[in-house]
Structures are given as structure tokens and as C-alpha cells.
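Inspection log for the structure reproduced underneath, given as C-alpha cells.
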Amino acid sequence: MTDRKKLVLASGSPRRLALLEQVGIKPDYLLPSDIDEEPNRGETPRALANRLARTKAEVVRRSIDKDADYRDALVLAADTVVSVGRRILPKTELRDEAESCLRLLSGRAHRVYTGVCVAAAGNATRAKLIETRVRFKRLSEAEIEDYLDSGEWRGKAGGYAIQGIAGAFVVKLVGSYTNVVGLPVFEAVSMLAGAGYPVRQNWSDTLALSE
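In the numbering used here, the protein residues as written are 3 to 213.
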């Protein structure tokens, strides 16, 4: 058995886990970080995504530094922010919040930012910010109500899930699609490889399972 570097995913998001598994990366440990995600006064969407990703990575890094099994592991953290101009849209938990987001996004362009951070032992940290531009069609009242009834918006930044029903609302997308889902896969994999994680180790097993 090879002694490979371990990976801790600082997230409980099933979407981020699924995106990693799609490219053959299986985190050894899922450890969501419990932090306050409210933006600071005057904080821009870009700055918020960067700060939250770094903070999540740092919190989990400090936690596993005390664990003999994981102190040498890499920590991968990410945070996604949806904005219209400088207005930051919430991760919607209430129907009224989601409705407000959909009406704001209807017929116009918005931006999705994801901060990605990889933290290694010894305070070695790599961070990137990825931006994607998305334009929605003009939504009818019926489309808004039916989407709200679906419940797909719960817990989603900006009140929608592009990988689900809301994919039918997208007229144009410029940039990384997986960034809008919640983790820019190309950048995350490149950062992990640069930090010494064996990203291709499970590729043959992944292919065998798909056949």
C-alpha cells in the first residue's frame, strides 16, 4: 500500500464532493467549518468569496494539526458567492429570499465567484478566485412559482442550482460551469496537484466503475 498524501474537504456540500469524485478524487475526511458567512460592511463579492474560503481552510487546518492521522493532510476549502453588481445574494433558506433572488436575476446578467484555498501543513497556503458570468432568460410568473415549488433553491447561493432545473434558465455562460455548481474543478485539481496530491491515483478505478 502506498503512503499517499491525505485530503480533507472543508465542506459538507454534496455538490463539491460529487465534483471531486467525478474526476477521481476521494477526500479522506469531510470536515465542514462552522464560520460566520455574513459579509463585512462594504465588503465586495470578490473579497467575501476569498475571505470565506481562506477562513474555512485555516479553521480546519488548525483543527487537524492536533490530529496525528491528518496533521500532514491537505485541506481543500471553497466558498461561492453570487452577485448582481456589488449586491451579494444570500444562500437562500426561505421562499421569500429565493423569490427575491429569482426576480432580480430574471432577464439579466450576474456573476458567480468561488474562492478556492488549499492549505498544507506548516502554513503553506494556495488560493485562487474564479469568476463566471451568467445570464438568465426573462422568467415568467409561472416559471418563478413553479421553481419555488420545486424547493431546489434551498441552501443555494443566489437561490438556484444550475446543475438542476435552473439550467433551463441560463441563456449564456462565460467561464467555468463547475464554478457555478460550487467548485471550479480545473483550478481545484491544478492546485491540489501543485501541492503534491496524487490526483490521478484513482483514475483507473473510476474508469472501471463507469464501464
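Glycine included, each C-beta is placed from N, C-alpha and C at the ideal position.
Task: GLU60: first and last residue of the uninterrupted beta strand (DSSP E) it sits in - done: Under the DSSP assignment, GLU60 falls outside any beta strand (DSSP E), being part of the alpha helix (DSSP H) whose first and last residues are 47-66.
TODO: Mind checking who GLU133 pairs with in its DSSP beta bridge?
DONE: DSSP, once it has assigned bridges, lists TYR115 as partnering GLU133.
Task: Opening and closing residue of the beta strand (DSSP E) in which ASP81 lies - done: 76-86
TODO: Flag this pair as yes or no: are the beta carbons of ARG63 and ALA126 separated by less than 7 Å?
DONE: no
TODO: Evaluate the contact criterion for the stretch 61-75 versus the stretch 27-43: three or more CB pairs, one atom per stretch, below 8 Å.
DONE: yes
Open item on the list: Starting from ARG89, trace the beta strand (DSSP E) in both directions and tell me its first and last residue.
Closed with: 89-91
Open item on the list: Please state the DSSP three-state secondary structure of TYR31.
Closed with: strand
Open item on the list: Tell me which residues share the same chain as ASN52 and place their Cβ nearer than 6 Å to its Cβ, disregarding the 5 neighbours each side in the sequence.
Closed with: These residues qualify, in order along the chain: GLY117 and LEU131.
TODO: Taking ARG113 as the reference, give the member of THR94, THR134, LYS7 and LEU106 with the closest Cα.
DONE: THR134
Task: ARG97, DSSP secondary structure in three states - done: ARG97 falls in the helix class under three-state DSSP.
Open item on the list: When you compare the stretch 192-200 with the stretch 92-105, are there three or more beta-carbon pairs, one atom per stretch, that lie closer than 8 Å?
Closed with: no
Open item on the list: Between which residues of its own chain and ALA163 is the CB-CB distance below 6 Å, once the five residues before and five after are set aside?
Closed with: GLU154
Open item on the list: Please list the terminal residues of the continuous beta strand (DSSP E) segment that includes LEU175.
Closed with: 172-176
Open item on the list: Looking only at its chain, what residues have a beta carbon closer than 6 Å to the beta carbon of VAL77, apart from the 5 residues adjacent to it on each side?
Closed with: VAL10, ALA12, ALA59, VAL62, ARG63 and ALA121
Task: Neighbourhood of ALA100 by C-beta, 7 Å cutoff - its chain only, sequence neighbours within 5 removed - done: THR94, LEU150, TRP155 and GLY161
Open item on the list: Check this for me: beta carbons of VAL173 and ARG137, under 7 Å apart or not?
Closed with: yes
Task: Other residues of its chain near SER108: CB distance less than 7 Å, five sequence neighbours each side excluded - done: PHE138, ARG140 and LEU141
Open item on the list: Let me confirm a value: MET3 is counted as buried when at least 16 other C-beta atoms fall within 10 Å, else exposed. Which label applies?
Closed with: With a pLDDT of only 40 at MET3, under the threshold of 50, the placement of this residue in the model should not be trusted; the figure read from the coordinates follows. With fewer than 16 Cβ atoms within 10 Å of its Cβ, MET3 is classed as exposed.
Task: Reduced DSSP category for ALA195 - H, G, I as helix; E, B as strand; rest coil - done: helix
- [ ] Could you give the DSSP three-state label for ALA190: helix, strand or coil?
- [x] helix
Task: Where ARG43 falls: helix, strand or coil (DSSP) - done: coil
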